[in-house]
Amino acid sequence: MLAVYKKEMRSYFTSIIGWLFLGFFLLFVGLYHYLYNMYYAYSNFAYALSGVYIFFILLVPMLTMRIMAEENKQKTDQLLFTSPISISKIILGKFLALISIFGIGILVICVYPLALSRYGEVNMKWSYAAIMGFFLLGAAYMSIGLFISSMTESQALAAVLTFITIIVTLFVDGIASILPTDDKTAWIFFAVVALVVTLITYLLMKNILVSSITAIVLEAALAVLYFVHPAFYDGLIVRVFGWFSVVARYDDFSSGILNISDVVYYLSVITLFVFLTIQSIKKRRWS
Amino acid sequence: MIEVKGLVKKYGDHLAVDNLNFSVDKGQVIGFLGPNGAGKSTTMNMITGYISATEGSVIINGHDVYDEPEEAKRCIGYLPELPPVYTDMTVKEYLYFVAELKGVEKKRREGMIKDIMKRIQIDDVSGRLIKYLSKGYRQRVGLAQAIVGYPEVLILDEPTVGLDPKQIIEIRDLIKDLAKEHTIILSSHILSEVSAVCDTVMIINKGKLIVSDKTENLSKHISGTDGLTLTIKGEKALVNEILKGIKEITKVTYKKSEEGTVSFTAYTEKGEDIREAIFYACANVKCPILSMSSSSMSLEDIFLEMTKDETSKKKKVKKVVTAKEEK
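Chains A and B supply the protein sequences, listed in that same order. Numbering-wise (numbering that gives the first Met the number 0), the first sequence opens with residue 0 and increments by one. Numbering-wise (numbering that gives the first Met the number 0), the second sequence opens with residue 0 and increments by one.
Shown next, in the form of structure tokens:
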């Protein structure tokens with residue numbers, strides 16, 4: 000694991016990518032820091048950060064696009080996956096390297112609230128909670144980027160897909176707010192989703208029996224739920240969309256609330272996508 | 000050392016490797032021979048655990064590649080078709096990375112890498128970035144990478160492809176040298192290479208093992224004839240007389256020759272040796288033999304013969320396989 004980690008770290012700093020990432024990251028943070036904390040003289044660093052997270056759209060793909068795609072393309076994955084080290088350790092090593100580069104940037108911005116405190120009263124807890132939330136948000140996006148990169152051989156495709164995914168998570172809140180909240184629409188919506196999911200499993204597994212049974216069971220369960228306990232569907236679409244809104248959790252941190260459930264949410268997203276990356280690589284070796 | 004049992008790989012409906020069985024003993028050098036797309040690389044990828052088999056098992060040194068991947072992979076050094084090098088590293092950095100990846104102890108790394116670089120003759124480029132190296136050097140770096148950690152088994156997928164003749168000879172000598180300490184499986188579609196380096200050849204075609212035997216025994220698998228090419232000083236009529244006197248000869252084909260000499264190839268049933276008979280017969284009539292060479296089939300002939308026609312070969316394959324098992 001350490002070997003992969005060190006190799007990734009070195010490649011970030013011997014190529015231009017690591018420097019470019021840190022440079023742009025610090026530039027954006029610095030710009031907002033200047034604007035909010037110095038120009039408008041707000042003492043709260045959280046305000047500056049809340050303007051920056053939109054730039055993850057650019058920063059995350061920059062760092063994650065090549066991480067697995069390049070190995071797939073150059074066939075260096077043959078070296079990694081035939082060496083006496085498990086796939087999980089390889090992926091963890093890579094993910095830790097991503098987190099470390101980002102962590103370096105975070106460490107630098109940790110100095111900003113301290114510097115500000117020399118010139119006035121700064122709410123340290125609030126500022127650092129925001130930085131922590133910011134770090135978790137970035138790490139979650141990077142795990143998604145890692146997963147996308149492992150699916151393809153093309154860096155460009157990985158970058159574009161990561162870019163789109165992050166945009167969707169940024170706007171999913173806005174989309175959710177205009178969605179209908181009544182029970183019937185929710186039922187129909189989830190019935191369609193269940194059908195699509197079983198169709199996809201059929202296409203993957205080519206087993207008509209299993210797929211049709213799951214489809215029937217799922218549809219029946221949804222219908223029973225609708226007639227027996229319609230309250231279940233109250234605003235369900237909006238709630239489900241909310242799960243995908245990675246950014247919504249950040250708002251808590253940003254407004255000074257350190258909520259354990261938010262931390263758990265981010266850690267779950269990270270675990271899920273690192274796990275998915277490992278599984279998708281294992282799966283590919285079997286097909 | 001290596002045991003492959005009932006190995007099958009399917010890609011959808013396409014059967015890439017079809018029920019492959021073989022075992023390799025310690026210290027052997029096995030050559031995988033087959034036309035492009037025969038399933039050589041797929042088989043190697045399965046042996047090294049890069050891809051998984053649809054059916055069957057691979058056991059390296061007592062460790063199953065799928066049940067105990069880490070132990071099994073520790074015994075293997077693999078050079079894939081494309082050397083898996085990181086082009087933005089220097090040769091030395093890369094080899095250090097590989098050593099760490101393979102879990103070579105820290106204090107042994109320095110000495111080991113120096114030794115390997117010297118052996119593969121890449122110490123003069125150790126500080127160069129791999130992206131600036133020529134194809135031949137990259138291939139060597141790939142080979143060096145496989146040797147790092149001194150695994151007992153080396154698996155080399157077309158190690159000399161794309162190299163110039165001088166480099167090919169160098170790499171071959173290197174492989175022969177490595178064969179003293181390692182068990183080697185290498186694949187190639189260049190036949191002279193296999194006959195030069197390997198002691199056992201396995202010919203596969205369309206995912207099936209067609210023949211597996213010692214390199215020098217391969218020609219036995221071809222039904223047909225042995226030939227002896229001769230040049231004799233003397234009249235054609237006289238030579239004809241001599242040849243008629245030797246019963247074993249089944250057919251003679253004459254070739255163009257110099258004035259006063261006769262060149263021909265005499266064919267016999269398989270396994271008959273007529274060299275002495277011809278010598279004495281010629282000596283009796285005082286016709287000097289200017290040259291004599293046996294023209295047994297080259298590996299090329301065997302290969303083409305074996306892979307040309309699936310259906311007509313099937314019977315023969317069975318015979319060969321049973322012959323192998325009886326041994």
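No residue lacks a Cβ here, since even glycine has one placed at the ideal position from N, Cα and C. Remember, it's a predicted structure, so these values are computed and weren't measured experimentally.
Not a single CB atom of chain B sits nearer than 7 Å to the CB of Phe226/A. Not one beta carbon of chain A lies nearer than 7 Å to the beta carbon of Lys106/B.
Using a Cβ distance threshold of 7 Å, Lys91/B and Ser125/B count as a contacting pair. Between the alpha carbons of Thr199/B and Leu177/B lies a distance of about 16 Å. Residue contact check for Phe20/A against chain B: no CB pair falls below 7 Å. Note on Gly137/A: 16 or more other CB atoms within 10 angstroms of its CB, so buried under the neighbour-count rule. As a beta-bridge residue in DSSP terms, Ala265/B pairs with Leu227/B, Val251/B. Residue-level contact check: Ile50/B touches chain A, since one or more beta carbons of chain A fall below 7 Å from its beta carbon. Only residues of its own chain outside the window of five on either side were considered, and among them Leu78, Leu185 have a CB closer than 6 Å to the CB of Leu155/B, listed in chain order. With fewer than 16 other Cβ atoms inside 10 Å of its own Cβ, Ala282/B counts as exposed. Using a Cβ-Cβ cut-off of 7 Å, Glu67/B does not count as an interface residue toward chain A, since no Cβ of chain A sits closer than that to its own. According to DSSP, His13/B shares a beta bridge with Tyr10/B. With distances taken between CA atoms, Ala155/A lies nearest to Leu57/A out of Ile256/A, Trp18/A, Leu57/A, Ser267/A. Arg284, Trp285: these are the residues of the stretch 267-286 of chain A whose beta carbon lies less than 7 Å from some beta carbon of chain B, given in chain order. When the five nearest sequence neighbours on each side are left out, the beta carbons in the same chain lying within less than 8 Å of the beta carbon of Leu79/A are those of Val3, Glu70, Ile89, in order along the chain. Distance from Gly234/A to Thr180/A at the Cβ level is roughly 4 Å; contact confirmed, criterion being Cβ atoms closer than 8 Å. In the DSSP annotation of this structure, Glu54/B is not part of any alpha helix (DSSP H); the continuous beta strand (DSSP E) holding it starts and ends at 54-59.
The shortest C-alpha to C-alpha distance from Ile273/B to any of Cys74/B, Ile241/B, Pro150/B is the one to Ile241/B. Note that the stretch 90-108 of chain A touches the stretch 131-149 of chain A; at least 3 beta-carbon pairs, one per stretch, sit closer than 8 Å. Using a Cβ distance threshold of 7 Å, Val16/B and Leu6/B count as a contacting pair. Take the alpha-carbon of Tyr31/A and the one of Gln144/B: they are about 48 Å apart. Per DSSP, Val110/A is one residue of the alpha helix (DSSP H) stretching across 86-116.
Beta-bridge partners of Leu202/A (DSSP): none assigned. Beta-bridge pairing by DSSP links Leu78/B to Leu155/B.
A distance below 6 Å between beta-carbons, with the five flanking residues on each side excluded, links Tyr265/A to the following residues of its chain, in chain order: Leu135, Ala139.
For Thr199/B, the enclosing beta strand (DSSP E) stretches over residues 199-204. In this structure, the beta-carbon distance from Gln138/B to Pro82/B falls below 7 Å. Contact note: Ile84/A reaches chain B through Glu69, Lys72, Leu100, Lys101, Gly102, using a C-beta cutoff of 9 Å and chain order.
Not a single C-beta of chain A is nearer than 7 Å to the C-beta of Pro158/B. In the DSSP assignment, Phe31/B is bridged to Ser186/B, Met201/B.
According to DSSP, residue pairing for Ile1/B in a beta bridge involves Val23/B, Ile59/B.
Residue burial annotation: Trp186/A is buried, with at least 16 other C-beta atoms found within 10 angstroms of its C-beta.
In this chain, the alpha helix (DSSP H) harbouring Met43/B covers 39-46. Between Leu78/A and chain B, the shortest Cβ-Cβ separation is below 7 Å.
Contact between the stretch 231-240 of chain B and the stretch 276-290 of chain B is present: three or more C-beta pairs spanning the two stretches fall below 8 Å. Annotation for Ile58/B: Glu2 place their beta carbon closer than 7 Å to its own, counting only its chain and skipping 5 residues before and after.
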